[in-house]
Amino acid sequence: PLSQAEVAAVLERVLGRPVQAQAVPLEKWIENARRGGMAPYMLETLVKMFVYYEQNGFSGNSRVLECLIGRPATTFETFARRAVSGEDTNG
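Here you go:
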């Protein structure tokens, strides 16, 4: 798994401009989401997910992902380059 700083570094390389990961306090995120019009159910669900990941971490397994999507997994950098170029990121 990539840290937020590693994701920012990949995006910086791909975009060719500075990108910095910043932690946003949960209460501030909730305030911004409400102000942006996020539906209450979506907000509640995302908050539960954020709290769970904060307490338990977030890790994945590319083999499981490959079984789920039925093709080899790609790196985050490959995904980001495809997204920036406008390529289909689903395949």
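For the sequence shown, the residue numbers in my numbering are 164 to 254.
Glycine included, each C-beta is placed from N, C-alpha and C at the ideal position.
- Annotation: the segment 212-242 contains the following complete segments of the alpha helix (DSSP H) (minimum length 4 residues), in chain order: 225-232.
- According to the DSSP assignment, Gln167 belongs to the alpha helix (DSSP H) that extends over 167-178.
- Annotation: Ala202 to Trp192 spans about 14 angstroms, alpha carbon to alpha carbon.
- For a cut-off of 8 angstroms, the C-beta gap from Val182 to Ala171 is around 5 angstroms, short enough to register as a contact.
- Where Ala196 is concerned, the enclosing alpha helix (DSSP H) starts and stops at 189-198.
- Distance from the CA of Val173 to the CA of Pro235, rounded to the nearest whole angstrom, comes to 20 angstroms.
- Remark: C-beta atoms of Gly223 and Pro164 approach each other more closely than 9 angstroms.
- The beta carbons of Val177 and Glu217 sit about 27 angstroms from each other, so the pair does not count as a contact at 8 angstroms.
- The alpha-carbon separation between Leu209 and Arg180 amounts to approximately 29 angstroms.
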